[in-house]
Amino acid sequence: MLGLRSSDEVRLGDRFMRVDDPVSVWTVRRLVDLPRLPLHAQLECSGPFHRRVLVSSVVLHDRRIYRAVNKAELQPKPSARSMAAELARPRGWRSLFGW
25 MLGLRSSDEV RLGDRFMRVD DPVSVWTVRR LVDLPRLPLH AQLECSGPFH
75 RRVLVSSVVL HDRRIYRAVN KAELQPKPSA RSMAAELARP RGWRSLFGW
């Protein structure tokens, strides 16, 4: 049903992306346990607009809405052009900016 996983997998510091907005990364800042309701997580998205939302773990694990992000995905990947430029530089060469 809805492609769900166990709700107890949500932990502080976990990161998620909305499927319809793959640029914003949401981090779990607080877990909220409400009576007779599923576990909820307060998510925070930093960036130009600091945003917070409270989301049920059921919604958070619905793969049609959110997807979990691991740290490796957050590392910027060098482009082929920048790598080629780096390899073409003579050894010992440095610019004013230390490249």
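By the count of this note's numbering, the sequence shown reaches residue 123 at its end, each step adding exactly one.
Glycine included, every Cβ here is placed at the ideal spot set by N, Cα and C.
These numbers come from a predicted model, not from an experiment.
Assignment of beta-bridge partners to F40 by DSSP yields W50, A92.
Per the DSSP secondary-structure output, H64 pairs in a beta bridge with V56, S80. Under DSSP, the beta-bridge partners assigned to R75 are C69. When the Cα atoms are used, R42 and R54 turn out to be separated by approximately 18 Å.
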